[in-house]
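Chemist: Input: one structure, supplied below.
Residue numbers (the working numbering), protein chains in the order written: chain H, 1 to 356; chain Z, 357 to 533.
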């Protein structure tokens with residue numbers, strides 16, 4: 001494994017997450033094994049040691065997320081990673097961190113569900129990622145579609161977490177975790193906010209009054225005001241952090257595919273095949289699945305005849321697309337649940353069946 | 357160009373390593389590569405499979421439906437994947453472990469890879485014999501670049517293992533030429 005050069009490396013998505021976290025200044029990781037993300041803790045245990053940070057294999061996902069809670073409260077750049085059932089177990093801790101306004105990065109390498117499901121790639125945690133936990137909170141969620149983005153977005157996530165003092169999630173899947181591709185590791189990139197003082201952090205009360213970080217706010221009106229303050233922060237995220245990719249819109253396509261993550265990259269292959277058969281299709285790919293690019297999608301959807309929402313679940317982002325577009329009757333949905341990964345040819349066949 | 361490869365065999369035979377080896381040669385030659393393993397719970401003896409896409413363009417789907425090249429290590433692998441082959445598919449078969457060739461369509465390249473590896477006193481290099489056969493049959497990569505990547509992948513073990521692996525690569529290469 002090449003780890004110390006600025007050159008292109010050929011690595012797995014799970015390894016790219018580790019390199020990005022360390023490059024972004026993360027020096028605390030706690031996690032618990034689960035396929036298909038096991039290369040993250042495995043590789044992190046070695047690399048974090050080399051960087052003189054703290055790696056802990058905790059006794060469960062609940063402990064992992066709460067160790068991250070503790071490290072973040074002490075001012076550290078901290079992360080945990082897991083796959084679908086493990087992320088479910090972490091929901092309480094994510095909500096507490098949002099309530100306490102603590103920065104942290106979580107990676108979900110999704111697998112099939114519900115329940116323990118299987119270990120194949122899936123996108124079935126879209127609902128959970130975009131409407132996380134309990135309580136009225138929000139969380140920026142980035143959905144990479146190749147290994148370069150696994151690296152770039154993980155790095156971004158640490159900066160965003162510190163910028164807003166809020167948890168940030170990377171929503172990947174088993175395919176992106178296991179896939180090896182060319183990645184350019186940008187060793188010269190400087191993390192933002194890494195050295196910004198954190199006066200709220202619990203660093204020992206030497207020379208100052210004691211302070212507390214808590215999410216239990218029982219006095220009348222205090223929690224309501226806290227939620228109004230949080231909402232202002234979420235509004236800023238919605239205003240400033242939306243990311244998406246639109247491909248082929250300059251050709252005035254007749255059809256628009258809306259897909260994220262793995263399905264978005266496969267859809268690019270579908271669009272290439274469709275062009276060979278004279279079908280003009282474009283792609284709209286939400287990169288932040290929260291905040292969702294409603295206005296941008298609404299605009300892109302205006303001129304097309306049909307909108308194809310393609311997912312590896314039975315229709316989750318579909319709900320957001322319906323909120324975004326004016327004429328929901330233009331929407332067609334195709335999904336593969338339970339670990340099924342569609343091929344570019346399979347998606348084209350579905351589209352052709354609907355446009356005859 | 358686009359070259360889509362499926363490699364199949366059993367855990368412990370070096371199926372995934374062969375895929376990474378070919379992928380890294382491609383990257384070294386300035387191409388894009390996307391390598392995707394199947395991942396089961398078992399460590400050894402279970403079914404092992406990977407797909408590999410090589411292209412000078414951006415690779416969209418790493419999932420291979422119909423391979424340009426199918427490399428099969430044993431009987432179970434050929435029975436599972438022969439149906440994926442088309443007329444254009446080159447099937448590289450490890451005949452040592454395939455008593456009953458069930459492949460219909462495709463251009464066959466027959467290599468007694470396990471036998472060749474045993475003759476080199478190491479059946480662990482069966483995958484490298486097949487890599488040599490691939491180099492000779494497809495002529496996409498140079499032998500020299502394959503040697504460079506092999507040395508890099510062996511790392512600190514190159515001193516003791518390089519010669520045996522080079523011998524295996526050459527034997528596989530010459531068995532096809």
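For each residue, glycine too, the CB sits at the ideal point set by N, CA and C.
1) Can you tell me the Cα-Cα spacing of residue 247 of chain H and residue 408 of chain Z, whole angstroms?
2) According to DSSP, is residue 182 of chain H helix, strand or coil?
3) Taking Cβ-Cβ distances shorter than 8 Å, what residues in chain Z pair up with residue 345 of chain H?
4) Work out the CA separation of residue 499 of chain Z and residue 2 of chain H for me, nearest whole Å.
5) For a cutoff of 7 Å on Cβ pairs, would you count residue 150 of chain H as touching chain Z?
6) Any beta-carbon of chain H closer than 7 Å to the one on residue 392 of chain Z?
7) Can you confirm whether residue 383 of chain Z, when its beta carbon is compared against all beta carbons of chain H, has any partner nearer than 7 Å?
8) If we count Cβ pairs, one from each stretch, closer than 8 Å, do we get three or more for the region 330 to 344 of chain H versus the region 263 to 272 of chain H?
9) Buried or exposed, going by whether 16 or more other CB atoms sit within 10 Å of the CB of residue 211 of chain H?
10) Grab the span of the alpha helix (DSSP H) containing residue 363 of chain H for me, first residue to last.
11) What are the residues in the region 181 to 193 of chain H lying within 9 Å of chain Z by C-beta distance?
12) Excluding the five sequence neighbours on either side, which residues of its own chain have a C-beta within less than 6 Å of the C-beta of residue 389 of chain Z, listed in chain order?
13) For residue 380 of chain Z and chain A, any beta-carbon pair shorter than 7 Å?
14) Would you mind telling me which residues of chain H sit closer than 9 Å to residue 437 of chain Z, beta carbon to beta carbon, in chain order?
15) Note down the Cα distance separating residue 5 of chain H from residue 186 of chain H, rounded to an integer number of angstroms.
16) Can you give the Cα-Cα distance for residue 278 of chain H and residue 25 of chain H, rounded to whole angstroms?
17) Does any heavy atom of the ligand SAM sit closer than 6 Å to the C-beta of residue 320 of chain H?
18) Run down chain H in chain order and give the residues with a C-beta less than 7 Å from the C-beta of residue 455 of chain Z.
19) Return helix, strand or coil for residue 57 of chain H, following the three-state DSSP convention.
20) Can you tell me whether DSSP reads residue 202 of chain H as helix, strand or coil?
21) Considering Cα atoms alone, identify which of H/275, H/63, H/334, H/176 is closest to residue 417 of chain Z.
22) Using a Cβ-Cβ distance cut-off of 7 Å, determine whether residue 268 of chain H contacts chain Z.
23) Taking all protein chains shown into account, decide if residue 511 of chain Z is buried (16 or more other Cβ within 10 angstroms of its Cβ) or exposed.
24) Alpha carbon to alpha carbon, what distance is there between residue 18 of chain H and residue 169 of chain H?
25) Report yes if the C-beta distance between residue 426 of chain Z and residue 437 of chain Z is below 7 Å; otherwise report no.
26) Rounded to whole angstroms, how far is the Cβ of residue 160 of chain H from the Cβ of residue 140 of chain H, which I believe are closer than 8 Å?
27) Give the single residue among Z/377, Z/505, Z/456, Z/508 whose Cα lies nearest to the Cα of residue 391 of chain Z.
28) Evaluate residue 515 of chain Z with the Cβ neighbour count: other Cβ atoms within 10 Å of its Cβ, from every protein chain shown; 16 or more gives buried, anything less gives exposed.
29) Please give the ranges of any beta strand (DSSP E) in the region 209 to 286 of chain H, keeping only runs that are unbroken, at least 3 residues long and fully inside the region.
30) How many angstroms separate the CA atom of residue 153 of chain H from the CA atom of residue 87 of chain H?
Modeler: On the basis of the coordinates in this document:
1) 25 Å
2) strand
3) Within 8 Å Cβ-Cβ: 421.
4) Caution applies to residue 2 of chain H, whose pLDDT of 45 falls short of 50 and renders its modelled position unreliable; the value that the coordinates give is listed next. About 23 Å.
5) no
6) yes
7) yes
8) yes
9) exposed
10) With chain H covering 1 to 356 only, the question about residue 363 of chain H has no answer from this structure.
11) Using a CB distance below 9 Å, the part of the region 181 to 193 of chain H facing chain Z consists of 181, 182, ordered along the chain.
12) Same-chain partners within the cutoff: 379, 382, 383, 410.
13) Protein chains in the displayed structure are H and Z, and chain A is not among them.
14) Those within 9 Å of residue 437 of chain Z in chain H number zero; the least Cβ separation is about 15 Å.
15) In this predicted model, residue 5 of chain H has a pLDDT of only 49, less than 50, meaning its place in the structure is not dependable enough to derive any value.
16) 48 Å
17) Ligands in the displayed structure: none, and consequently the ligand SAM is not present.
18) Going along chain H, no residue has its Cβ under 7 Å from residue 455 of chain Z, so there is no contact; the nearest lies around 32 Å.
19) strand
20) coil
21) H/176
22) At a cut-off of 7 Å between C-beta atoms, residue 268 of chain H counts as an interface residue with respect to chain Z.
23) exposed
24) So the alpha carbons of these two residues sit roughly 15 Å apart.
25) yes
26) Between residue 140 of chain H and residue 160 of chain H the Cβ distance is about 5 Å, and since that is below 8 Å, they are a contact.
27) Z/377
28) exposed
29) 244 to 247, 255 to 258, 281 to 286
30) 19 Å
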